[in-house]
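Colleague:
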Amino acid sequence: MALGNRLRGFSALDATAGLIALGALGGVLWSPKLSNALAKANGSVKSVQVMVDVRRVSAADPEALVQDALASGRTSIIIRNQPAGSVKLIRVDDINRVLVQVQPDGSVVTAPDPNRANMGTLNARFVLEGDATVSKSGVVLAGTKLKVGTPVELEGALYRLNGTVSGVKVQ
Numbered sequence: 004m005a006l007g008n009r010l011r012g013f014s015a016l017d018a019t020a021g022l023i024a025l026g027a028l029g030g031v032l033w034s035p036k037l038s039n040a041l042a043k044a045n046g047s048v049k050s051v052q053v054m055v056d057v058r059r060v061s062a063a064d065p066e067a068l069v070q071d072a073l074a075s076g077r078t079s080i081i082i083r084n085q086p087a088g089s090v091k092l093i094r095v096d097d098i099n100r101v102l103v104q105v106q107p108d109g110s111v112v113t114a115p116d117p118n119r120a121n122m123g124t125l126n127a128r129f130v131l132e133g134d135a136t137v138s139k140s141g142v143v144l145a146g147t148k149l150k151v152g153t154p155v156e157l158e159g160a161l162y163r164l165n166g167t168v169s170g171v172k173v174q
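First residue of the sequence shown: 4, per the numbering used here; consecutive thereafter.
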């Protein structure tokens, strides 16, 4: 009898509040941050180094663009037109063309392309580091498989560069 009196005291508003509280608790338990923390604890999330080649990008001052990117230390990455978050920018390597000349004595002499200063183009390899899920099928960064040849975009405060993944290393 006492239980019946207690149940009569509950209204539809009380039931709705209870369902909302259960939904909030479920959202906390299945949140992406928590699942990422669990995946990291399991060892399926590892640190990954990704190399992205950016070629023939017109820039008024390519050196300043590279210095700005390095100064920020992070860049946003977009994989196959899907935002994949922000990754750490380790370094930017110069991959400009080098002229090669074979000398009459058989030695080889190399020199940077003299037209490079006049061209105003950026040819660089961005070395990035981030956390990704590593499985049998490959590396998955923000829900998208990342393989050599995958088109990506790198975005910072003053730049948006189209590039291609040229290497993936699991740390």
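Note that the Cβ used here is the ideal one computed from N, Cα and C, for glycine as well.
#1: Whole angstroms is fine: what's the gap from E66's alpha carbon to K139's?
#2: Any idea what DSSP makes of P86, helix, strand or coil?
#3: Whole-angstrom Cβ separation of D116 and V101, contact assumed at under 8 Å?
#4: Go through the region 131 to 160 residue by residue and report every complete run of the beta strand (DSSP E) that reaches 3 residues or more, in order.
#5: What separation, rounded to the nearest whole angstrom, lies between the Cα atoms of T113 and A127?
#6: Secondary structure at D64, three-state DSSP: helix, strand or coil?
#7: What residues in its chain sit with their C-beta under 8 Å from that of G76, if we drop five residues either side in the sequence?
#8: Since V171 and V155 should fall inside the 8 Å C-beta cutoff, what is the C-beta to C-beta distance between them, to a whole number of angstroms?
#9: In angstroms with no decimal places, state the Cα-to-Cα distance between S89 and A145.
#10: Could you tell me the alpha carbon to alpha carbon distance between G159 and S61, rounded to whole angstroms?
#11: Taking the beta strand (DSSP E) that P107 falls in, what are its first and last residues?
#12: By the 10 Å Cβ neighbour count, where 16 or more other Cβ atoms means buried, how is F13 classified, buried or exposed?
#13: Quick one: using the 10 Å Cβ neighbour count with 16 as the cut-off for buried, is A87 buried or exposed?
#14: Do T153 and R59 have their beta-carbon atoms positioned less than 7 Å apart in this structure?
#15: Can you find the residues in the same chain that come closer than 7 Å, C-beta to C-beta, to V151, ignoring five residues on each side of it along the sequence?
#16: When DSSP labels each residue in this structure, what does D116 get in the three-state scheme?
Modeller: Short version:
#1: Those two C-alpha atoms are separated by around 39 Å.
#2: Reduced to three states, the DSSP call for P86 is strand.
#3: Taking the Cβ atoms as the reference, D116 lies roughly 7 Å from V101, within the contact range of under 8 Å.
#4: If we require 3 residues or more, the beta strand (DSSP E) runs fully inside the region 131 to 160 come out as 141 to 144, 147 to 149, 154 to 158.
#5: Their backbone Cα atoms lie some 19 Å apart in a straight line.
#6: Of the three classes helix, strand and coil, the one that applies to D64 here is coil, per DSSP.
#7: Around G76: K91, L92.
#8: Not quite, the Cβ-Cβ distance comes to about 11 Å (not below 8 Å), so this is no contact.
#9: The C-alpha of S89 lies about 10 Å from the C-alpha of A145.
#10: So the alpha carbons of these two residues sit roughly 16 Å apart.
#11: Segment: none, P107 is in no beta strand (DSSP E) and carries neither H nor E.
#12: Exposed, since its Cβ has fewer than 16 Cβ neighbours within 10 Å.
#13: By the neighbour-count rule (16 or more Cβ atoms within 10 Å), A87 is buried.
#14: It is not a contact, given that the beta carbons lie outside the stated cut-off.
#15: Within its own chain, the residues whose Cβ lies closer than 7 Å to the Cβ of V151, once the five positions on either side in sequence are excluded, are V168, S169, G170, V171, listed in chain order.
#16: In this structure, D116 counts as coil in the three-state DSSP scheme.
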